[in-house]
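Okay, structure first, notes after.
There are 2 protein chains.
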Amino acid sequence: MTQAETTPLRRRDLLSLIGAAAGSSALYFAMSRLGHAQGSDYAGPINLSGDPKGASVLILGAGVAGMVAALELRRAGYRVQVLEYNDRVGGRTWTIRGGDRFTELGGATQDCGFDRGLYFNPGPWRIPYHHRALLDYCKRLGVTLEPFTQVNANAYLHGKDAFGGQPQRYRTIQADFNGMVSELLAKAVNTDRLNALVSKEDTEVLLEALQDWGALDDSYAYKAGEDASERRGWRKPPGGGLSAEPIDSTPLRPQDLLQSHLWRRLSSGLDYDYQTTLFQPVGGMDKIAEGFAREVGDLVRLNARVTAIRQDEHGVQVTWEDKGSQTMQQSRADWCLCTIPLSVLSQIEMNVGAPMAAAVAAVPYSPSVKIGLQFKRRFWETDEAIYGGISYTDLPITMIGYPATGYFDSGKGVLLGTYAFGPYAYEFESLSPAERIAKAVAFGAQIHPQYPAEFDNGMAVAWHRVPSQLGCYGQWTDATRAEHYRNLCAIDGRILLAGEHASYIPAWQEGAILSSLDAITRLHERVMKS
Amino acid sequence: MTQAETTPLRRRDLLSLIGAAAGSSALYFAMSRLGHAQGSDYAGPINLSGDPKGASVLILGAGVAGMVAALELRRAGYRVQVLEYNDRVGGRTWTIRGGDRFTELGGATQDCGFDRGLYFNPGPWRIPYHHRALLDYCKRLGVTLEPFTQVNANAYLHGKDAFGGQPQRYRTIQADFNGMVSELLAKAVNTDRLNALVSKEDTEVLLEALQDWGALDDSYAYKAGEDASERRGWRKPPGGGLSAEPIDSTPLRPQDLLQSHLWRRLSSGLDYDYQTTLFQPVGGMDKIAEGFAREVGDLVRLNARVTAIRQDEHGVQVTWEDKGSQTMQQSRADWCLCTIPLSVLSQIEMNVGAPMAAAVAAVPYSPSVKIGLQFKRRFWETDEAIYGGISYTDLPITMIGYPATGYFDSGKGVLLGTYAFGPYAYEFESLSPAERIAKAVAFGAQIHPQYPAEFDNGMAVAWHRVPSQLGCYGQWTDATRAEHYRNLCAIDGRILLAGEHASYIPAWQEGAILSSLDAITRLHERVMKS
Numbered sequence: 001m002t003q004a005e006t007t008p009l010r011r012r013d014l015l016s017l018i019g020a021a022a023g024s025s026a027l028y029f030a031m032s033r034l035g036h037a038q039g040s041d042y043a044g045p046i047n048l049s050g051d052p053k054g055a056s057v058l059i060l061g062a063g064v065a066g067m068v069a070a071l072e073l074r075r076a077g078y079r080v081q082v083l084e085y086n087d088r089v090g091g092r093t094w095t096i097r098g099g100d101r102f103t104e105l106g107g108a109t110q111d112c113g114f115d116r117g118l119y120f121n122p123g124p125w126r127i128p129y130h131h132r133a134l135l136d137y138c139k140r141l142g143v144t145l146e147p148f149t150q151v152n153a154n155a156y157l158h159g160k161d162a163f164g165g166q167p168q169r170y171r172t173i174q175a176d177f178n179g180m181v182s183e184l185l186a187k188a189v190n191t192d193r194l195n196a197l198v199s200k201e202d203t204e205v206l207l208e209a210l211q212d213w214g215a216l217d218d219s220y221a222y223k224a225g226e227d228a229s230e231r232r233g234w235r236k237p238p239g240g241g242l243s244a245e246p247i248d249s250t251p252l253r254p255q256d257l258l259q260s261h262l263w264r265r266l267s268s269g270l271d272y273d274y275q276t277t278l279f280q281p282v283g284g285m286d287k288i289a290e291g292f293a294r295e296v297g298d299l300v301r302l303n304a305r306v307t308a309i310r311q312d313e314h315g316v317q318v319t320w321e322d323k324g325s326q327t328m329q330q331s332r333a334d335w336c337l338c339t340i341p342l343s344v345l346s347q348i349e350m351n352v353g354a355p356m357a358a359a360v361a362a363v364p365y366s367p368s369v370k371i372g373l374q375f376k377r378r379f380w381e382t383d384e385a386i387y388g389g390i391s392y393t394d395l396p397i398t399m400i401g402y403p404a405t406g407y408f409d410s411g412k413g414v415l416l417g418t419y420a421f422g423p424y425a426y427e428f429e430s431l432s433p434a435e436r437i438a439k440a441v442a443f444g445a446q447i448h449p450q451y452p453a454e455f456d457n458g459m460a461v462a463w464h465r466v467p468s469q470l471g472c473y474g475q476w477t478d479a480t481r482a483e484h485y486r487n488l489c490a491i492d493g494r495i496l497l498a499g500e501h502a503s504y505i506p507a508w509q510e511g512a513i514l515s516s517l518d519a520i521t522r523l524h525e526r527v528m529k530s
Numbered sequence: 001m002t003q004a005e006t007t008p009l010r011r012r013d014l015l016s017l018i019g020a021a022a023g024s025s026a027l028y029f030a031m032s033r034l035g036h037a038q039g040s041d042y043a044g045p046i047n048l049s050g051d052p053k054g055a056s057v058l059i060l061g062a063g064v065a066g067m068v069a070a071l072e073l074r075r076a077g078y079r080v081q082v083l084e085y086n087d088r089v090g091g092r093t094w095t096i097r098g099g100d101r102f103t104e105l106g107g108a109t110q111d112c113g114f115d116r117g118l119y120f121n122p123g124p125w126r127i128p129y130h131h132r133a134l135l136d137y138c139k140r141l142g143v144t145l146e147p148f149t150q151v152n153a154n155a156y157l158h159g160k161d162a163f164g165g166q167p168q169r170y171r172t173i174q175a176d177f178n179g180m181v182s183e184l185l186a187k188a189v190n191t192d193r194l195n196a197l198v199s200k201e202d203t204e205v206l207l208e209a210l211q212d213w214g215a216l217d218d219s220y221a222y223k224a225g226e227d228a229s230e231r232r233g234w235r236k237p238p239g240g241g242l243s244a245e246p247i248d249s250t251p252l253r254p255q256d257l258l259q260s261h262l263w264r265r266l267s268s269g270l271d272y273d274y275q276t277t278l279f280q281p282v283g284g285m286d287k288i289a290e291g292f293a294r295e296v297g298d299l300v301r302l303n304a305r306v307t308a309i310r311q312d313e314h315g316v317q318v319t320w321e322d323k324g325s326q327t328m329q330q331s332r333a334d335w336c337l338c339t340i341p342l343s344v345l346s347q348i349e350m351n352v353g354a355p356m357a358a359a360v361a362a363v364p365y366s367p368s369v370k371i372g373l374q375f376k377r378r379f380w381e382t383d384e385a386i387y388g389g390i391s392y393t394d395l396p397i398t399m400i401g402y403p404a405t406g407y408f409d410s411g412k413g414v415l416l417g418t419y420a421f422g423p424y425a426y427e428f429e430s431l432s433p434a435e436r437i438a439k440a441v442a443f444g445a446q447i448h449p450q451y452p453a454e455f456d457n458g459m460a461v462a463w464h465r466v467p468s469q470l471g472c473y474g475q476w477t478d479a480t481r482a483e484h485y486r487n488l489c490a491i492d493g494r495i496l497l498a499g500e501h502a503s504y505i506p507a508w509q510e511g512a513i514l515s516s517l518d519a520i521t522r523l524h525e526r527v528m529k530s
């Protein structure tokens with residue numbers, strides 16, 4: 001090539017060159033595979049066409065399900081009012097910051113002492129890439145997102161009886177598990193023991209695959225050496241100049257690895273909901289609630305405790321207490337979309353048919369306790385090179401979640417110090433907030449010895465004690481779902497329900513949104529017909 | 001609990017509670033494991049104590065190795081000058097933006113037509129969490145970092161002969177590979193075929209582990225169903241309200257999976273260098289170069305082409321051409337730290353001993369071609385839900401790298417459209433830049449059919465044609481390293497070398513920095529002794 005070219009190369013210059021470089025058929029590769037299932041059925045903004053002629057809808061609950069409905073129904077021409085128990089919108093889409101006060105059932109009040117700019121999401125804290133409806137609302141509402149790290153190869157896996165209580169790096173457990181599994185299988189294949197399962201033609205390819213994936217050597221062994229160290233890390237890592245030669249690390253013994261049970265957490269990043277790339281709103285999950293509030297905050301009546309929902313053939317009348325003035329009020333509309341958690345709704349008078357009533361009563365709510373801990377420095381980053389992600393333990397705290405923002409900041413940081421489920425959640429819940437926090441610090445110190453010296457303050461949210469929720473999310477079983485789910489979602493006269501509990505994506509905001517969109521679509525069809 | 005508590009809970013309140021919640025021994029868990037090998041030997045900022053009494057050092061090359069040395073040597077009291085071939089600092093730490101012009105060997109000139117705010121890193125593009133020295137310099141230099149996504153479960157794996165050329169999502173290949181491997185091994189274990197390898201005591205645990213990790217059902221089969229779908233994705237994903245029930249997807253047949261060879265890329269995220277969490281500078285990799293320039297830019301003479309390096313017993317004299325005035329110049333110092341790539345240095349006159357000369361001549365440089373493509377919209381996000389990460393293919397482009405920044409932006413975006421190695425790199429290199437770009441678009445269209453319609457413009461960097469580099473990085477073999485590495489790094493009279501080529505972390509900025517720190521430490525010891 002001797003002549004200087006004139007560039008930039010623009011598309012008009014390119015089309016002829018492409019023809020030369022590849023067959024034109026390559027350029028028109030079937031578009032049909034685009035738009036394949038990407039995690040939710042969401043196909044873009046809902047379109048409720050047709051004039052509802054002034055029909056009114058009373059929405060109960062200003063969580064994401066209620067706010068989505070308020071936004072879309074008003075846009076479609078409905079008259080909309082929203083009643084919300086709390087003094088804020090968002091429901092479980094909630095962020096706690098310094099200066100916030102929270103009083104739980106039983107009366108314990110916590111005032112948050114986090115430093116400015118730090119926060120803790122006691123509810124949802126991550127958004128999978130395939131939660132397309134939620135991502136679309138974030139975009140439409142101007143909510144800025146940043147990546148959330150789920151799996152961190154340098155975070156810890158900890159078992160109180162595993163390796164003398166010494167936490168192991170996720171990467172070493174992952175590498176050694178892959179190595180063990182691939183070596184065992186390669187040796188089984190090698191000895192013709194798997195011929196009944198794998199054809200001879202595929203055996204060679206399988207061996208090649210196992211060697212690559214499991215970091216096996218040429219004799220199909222996983223052992224101390226460069227191959228294993230490039231996966232699990234080095235005893236002395238490679239450096240520069242003289243004295244730079246690395247020293248290999250030695251894998252764990254397979255029986256020790258198996259009996260440690262630390263492999264249990266290797267699947268944590270394999271589940272569809274936790275696969276890369278996940279996101280979180282910059283500044284806290286309640287930025288989503290704030291986004292909705294900018295659009296439809298004017299429709300919401302805060303501090304409104306619903307006590308009765310009564311329908312007749314003309315509409316729905318809701319009785320509620322204004323928590324400020326402690327006076328009883330009534331609101332009426334043609335229709336009612338109720339997004340109140342079933343744990344609360346089951347205690348509210350509502351005249352629906354037996355099928356919906358039975359469904360409302362059938363779903364227990366998951367217990368869970370989340371504790372945010374502020375530390376005086378981000379020691380997990382500076383001392384231990386853990387940037388985001390999660391360490392797992394079999395202690396009652398279950399996990400330690402590292403902040404996926406503010407990396408490398410010199411100041412303080414807030415960890416998720418406990419995310420307890422099931423019996424462990426009840427164990428925490430039975431304690432005072434201060435005792436819960438102390439317990440989280442004490443257990444966490446087994447993983448991060450810096451805990452006691454660096455602890456600053458904390459906030460503990462036990463979901464069964466959150467007055468507006470009485471639990472974390474609707475815990476369906478296959479049996480209850482088979483019996484009750486359709487009855488829960490079907491329109492009962494002039495009342496219909498929405499929320500994560502009315503979805504196949506329980507506990508997630510996406511479930512709440514899709515449930516809401518499905519409900520208002522069916523409501524709108526009903527209104528258009530009438 | 002009946003009394004409201006006074007909070008926030010402060011550390012002083014906590015210490016007694018911790019004692020109650022856990023044995024005090026738990027609080028003082030051995031600190032010894034902290035500071036364990038975290039990827040590089042870097043132990044924090046270098047300390048060159050002692051007065052060098054005005055000793056001078058001439059540094060050749062203003063890449064990260066040279067800039068680190070300039071910064072640290074000046075701080076230690078040395079008189080420092082840096083000569084740099086290019087009209088910018090940073091070397092391979094380089095970012096191309098709209099308005100930039102690049103002329104390669106052979107004379108082809110490209111003017112970059114990227115839109116404002118968009119860029120392409122033709123050199124390093126990611127920073128592993130364990131590159132502690134580089135991360136520390138980023139912090140010290142005020143370079144802001146953001147997460148870089150390597151593995152994206154929703155990106156594609158593509159083989160031109162696999163599945164009729166239809167790209168597969170990474171998550172389906174990963175889930176099906178894990179399922180296949182675990183099912184084969186579980187069945188081998190079940191039939192007592194592996195008793196020679198695994199004790200009966202461990203077999204039960206192994207089966208439990210395989211079931212969990214491989215998403216096997218109770219008969220240890222990996223097959224269409226909820227378990228597999230929660231890993232590989234659904235045919236119809238779960239939704240909300242009525243019609244929300246998901247439909248399972250069906251795994252690939254093991255023989256099809258094996259013969260597709262798409263499993264080859266599953267190890268891409270398992271390697272230590274590519275494990276989570278990785279980072280990139282906000283705004284482009286050259287923010288690191290800019291950071292160094294703020295500190296020591298005043299020491300750098302740009303546009304200086306070194307033609308000869310001659311030492312005697314008193315010092316080193318370097319002859320160089322001022323590319324602006326096309327005049328020859330000379331600079332002299334007590335010592336010379338040369339960071340010029342060996343591919344270029346081997347063509348420069350330098351009077352060192354036979355061992356170093358042989359080492360300089362012994363290391364070939366890796367070919368590689370990187371192509372940045374600007375598209376009119378971020379269709380990989382909007383159409384295909386791919387946010388960051390990499391799709392891999394066996395086509396010559398090797399991969400498509402998605403930007404790990406600007407997620408959800410409505411405007412244009414720049415992809416890494418080619419990262420070709422080896423023979424494929426030579427194939428691209430032999431073409432004009434426009435032809436390379438056309439080829440990248442034509443091949444990429446086999447993975448993203450939107451390419452031809454959405455292509456806007458591109459920039460192609462063939463590293464063997466970059467005048468200051470003549471290749472991508474020093475490609476050591478075990479044999480050349482055994483013979484030459486120590487001779488390359490040892491001080492020869494008054495000359496010593498640094499750069500990624502003088503490290504065990506070739507091609508990475510961390511190798512260049514650690515090499516430089518090691519070199520100037522040894523130089524300083526020498527100076528202090530004399």
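Just so you know, the protein sequences line up as chains A and B, in that order. Numbering follows UniProt numbering, in which position 140 of the first sequence is assigned residue number 140; successive positions increment by one, without gaps. Numbering follows UniProt numbering, in which position 13 of the second sequence is assigned residue number 13; successive positions increment by one, without gaps. For each residue, glycine too, the CB sits at the ideal point set by N, CA and C.
Which of helix, strand or coil does DSSP assign to residue 472 of chain A?
coil
Is any beta-carbon of chain B found at less than 7 Å from that of residue 507 of chain A?
Output row for residue 507 of chain A: interface = no.
I'd like to check one pair, residue 468 of chain B with residue 86 of chain B: are the Cβ atoms closer than 7 Å?
yes
Identity of the residue in B:83, B:248, B:210 and B:239 nearest residue 228 of chain B by Cα:
B:248
I'd like to confirm the pairing. Which residues does DSSP put opposite residue 457 of chain A in its beta bridges?
A:374
Residue closest to residue 82 of chain B, alpha-carbon to alpha-carbon, out of B:400, B:333 and B:462
B:333
How about the segment 177-184 of chain A and the segment 281-297 of chain A: do they share at least three Cβ pairs that are nearer than 8 Å?
Contact fails: fewer than three Cβ-Cβ distances are below 8 Å.
Nearest to residue 275 of chain B (by Cα), restricted to the options B:127, B:457 and B:496
B:127
Chain B partners of residue 130 of chain A, CB-CB under 9 Å?
154, 233, 237 and 385
Determine, for residue 246 of chain B, whether the minimum Cβ-Cβ distance to residues of chain A falls below 7 Å.
When Cβ-Cβ separations below 7 Å define contact, residue 246 of chain B makes contact with chain A.
Taking the alpha helix (DSSP H) that residue 495 of chain A belongs to, which residues open and close that run?
Element bounds for residue 495 of chain A: not the alpha helix (DSSP H) but the beta strand (DSSP E), 495-497.
What does the alpha-carbon distance come out to for the pair residue 450 of chain A and residue 113 of chain A?
Distance between the alpha carbons of residue 450 of chain A and residue 113 of chain A is about 20 Å.
Across the segment 396-404 of chain B and the segment 416-425 of chain B, are there enough close Cβ pairs to call them in contact, namely three or more that are closer than 8 Å?
yes
Every unbroken beta strand (DSSP E) inside the segment 311-360 of chain A [3 residues or more]:
316-322, 327-333 and 335-338
DSSP state of residue 92 of chain A, grouped into three classes?
coil
Go ahead and pull the three-state DSSP assignment for residue 25 of chain B.
No answer about residue 25 of chain B holds up, because its pLDDT of 37 lies below 50 and its placement is not dependable.
Below-7 Å beta-carbon distance, residue 64 of chain B vs any chain A residue:
no
The alpha helix (DSSP H) that contains residue 294 of chain B, what's its start and end?
Element bounds for residue 294 of chain B: 286-296.
Compile a chain-ordered list of the residues in the segment 132-144 of chain B whose CB is closer than 9 Å to at least one CB of chain A.
132, 133, 135, 138, 139 and 144
For residue 42 of chain B, three-class secondary structure by DSSP
coil
Going by the CB atoms, is the gap between residue 369 of chain B and residue 445 of chain B shorter than 7 Å?
no
So, with DSSP's three-state summary, where would you put residue 300 of chain B?
Strand, per DSSP.
Drop a sphere of 10 angstroms on the beta-carbon of residue 138 of chain A, count the other beta-carbons inside from all chains shown, and report buried for 16 or more, exposed for fewer.
buried
Can you name the residues of chain C whose CB is closer than 7 Å to the CB of residue 87 of chain A?
Looking for chain C here will not work: the only protein chains present are A and B.
CB contact flag (residue 296 of chain B, residue 70 of chain B, <7 Å)
Result yes, Cβ atoms of residue 296 of chain B and residue 70 of chain B sit closer than 7 Å.
Are the C-beta atoms of residue 91 of chain B and some chain A residue less than 7 Å apart?
no
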